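Below you'll find the structure, written out as structure tokens, and then a few comments.
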Amino acid sequence: MLEVKQCSLIFILILCVKYGAPIDCDAPGDPLNKEGKLMKHLLCSNYDKSERPVKDHNTAVNVTVMTRVQNYDVDEGRSTLYLYVWMSITWKDEFLTWDQTEYEMSKLIVDSSKIWQPTFVAFHNLKSGNGENACSNHNCEVKPPGTVMCVPPCQYEALCVSDTVNWPFDKLKCTMFLGAWLEDVNQINISRMSNITTIDIETGHAEWKIRSAIILHIFLPDNTSHPSLEYVVTLDRHIAIYGVILTPGFLMIIINLVVLWMNSGSTERLYILCATCMGHFTYMEYLYWRVPYHGENVPKLLIFFRDSLIINVLMLGFTIILRHTAPKDDNSERFVDKLASRVASTNVGRVFLQTEDQRHNKQTGTTEDENGDRCNTVDGDTVNLVNDASDINAPTTRVVSAGQHGTNVVNIFMDRIMFISFVLCYIFMLCSLLPKENI
């Protein structure tokens, strides 16, 4: 029981040190210290905290509001920005003045509930309440000229507008209105010196950083006689981690373009395209769970990889078609065969298609024919047998090589056309993917 009494006594002492000893205006006699005497002189001499602190009722109270953001949090699901701030509110109370030489005090700390203070209400506070519920109990500092400064810790909510089109390079524009419901502009005048600052933030948010914070001195459209402040806070998303997240997706795009330089008849090319096709499906599903579930428009990044998936499927389809493409039996050349041969006959075309010079092949064939003629003039049965065998196999080998060469040139030509077309498509898609300043 003794320990409980000691704890209670310590708790009361802490409250007295924190909030100061309460003043009882009905108590007989004067307080012993000068602070108590001054407080009794100011608060117990017909001071009415329900009246505006001006001697002329036609005079407006000039109030300066300095908002110092200490911390913040973002709820993307609710599109809400939570601001934890110190509200430095300053005004002049004409009834709280004293002679500094008489009391030898340059300032006085009083409980905010004992004096008049402007009533500011956050219009959008849904969770943390409005009015007095948004701010904690606090003390105020009063100076001899009657200057009062209160610095209550408050929690406010700002409604945000998000456009996820540029995700993950998107921004949040959050707006909060703070004003007086009970007094009009003839009673309270919010100073143009009011401002907001974020320099006191020591620990930043894990995903969002404040780019700018401004305060606008406005009047509400539906009631122009009541003063209010509009806070506009713009936030940028941290994109460092998204550089790692986006790397696999762009690697698949590079693989898609590189695979077009492989032989269309190779099985490895078909396997790689099938693997990248499945990779696109998996990667789009992963991005779907990463994208926030708000905003009217689809993120351009999802549209980009959707189009990349379509290009991947087209590559796979063209590869299958080229694998089953063969020259006709009647040896009639198609338009694409003529076009590929004409391109391959030029120096630039041979470099682009990476084919050998056909004139070199013809010279090689002529040399083989001359060697065969020389062999025919040589006497001897053994030589004739070898020469006859060469004559039988030589025409067949030349015919097959010519057919294969023509088919390979056409396939390579089609691969290069697809490569150029898809590179242009990706360039256009990348230009469309670049973020634009919408906020």
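Using mature numbering (1 follows the signal peptide of the UniProt record, and there is no 0), the letters of the sequence shown map in sequence onto residues -22 to -1, 1 to 417.
Glycine included, every Cβ here is placed at the ideal spot set by N, Cα and C.
These figures come from a predicted structure and were not determined experimentally.
Alpha-carbon spacing of residue i relative to residue j, whole angstroms
i           : j           : result
residue 135 : residue 195 : 18 Å
residue 145 : residue 411 : 10 Å
residue 243 : residue 299 : 10 Å
residue 62  : residue 294 : 55 Å
residue 290 : residue 171 : 59 Å
residue 173 : residue 44  : 5 Å
residue 282 : residue 60  : 33 Å
residue 208 : residue 98  : 12 Å
residue 116 : residue 68  : 14 Å
residue 120 : residue 413 : 51 Å
residue 21  : residue 165 : 22 Å
residue 16  : residue 210 : 42 Å
residue 140 : residue 224 : 21 Å
residue 441 : residue 277 : This structure cannot speak to residue 441, because the chain is shown only from -22 to 417.
residue 216 : residue 50  : 15 Å
residue 159 : residue 96  : 10 Å
residue 206 : residue 169 : 11 Å
residue 184 : residue 114 : 27 Å
residue 178 : residue 188 : 12 Å
residue 251 : residue 274 : 34 Å
residue 132 : residue 214 : 24 Å
Strand pairing of residue i, partner residues [DSSP]
i           : result
residue 230 : Residue 230 is not bridged to any residue.
residue 133 : 62
residue 157 : 99 and 206
residue 42  : 68
residue 119 : 87 and 127
residue 195 : 207
residue 393 : Answer by DSSP bridge pairing: none, since residue 393 is not bridged.
Residues near residue i by beta carbon distance below 6 Å, same chain, minus five either side
i           : result
residue 162 : 203 and 204
residue 125 : 70
residue 100 : 108, 112, 134 and 156
residue 129 : 64 and 66
residue 397 : 238
residue 122 : 76 and 78
residue 33  : 72
Status (buried if at least 16 other CB within 10 Å, exposed otherwise) for residue i
i           : result
residue 249 : exposed
residue 193 : buried
residue 256 : exposed
residue 151 : buried
residue 78  : exposed
residue 31  : buried
residue 47  : buried
residue 190 : exposed
residue 88  : buried
residue 406 : exposed
residue 409 : exposed
residue 231 : buried
Same chain, Cβ closer than 7 Å to residue i, five either side skipped, listed in chain order
i           : result
residue 220 : 146
residue 380 : In this prediction, residue 380 has a pLDDT of 46, which is less than 50 and means its spatial position is unreliable; what the coordinates show is noted afterwards. The answer is none, since no qualifying residue turns up.
residue 73  : 25 and 31
Beta-carbon contacts of residue i that lie in its chain and below 8 Å, excluding the five residues immediately before and after
i           : result
residue 28  : 94
residue 280 : 262, 265, 266 and 269
residue 301 : 242, 243 and 248
> Does the count of Cβ pairs from the region 43 to 61 and the region 84 to 92 closer than 8 Å reach three?
Replying inline: no
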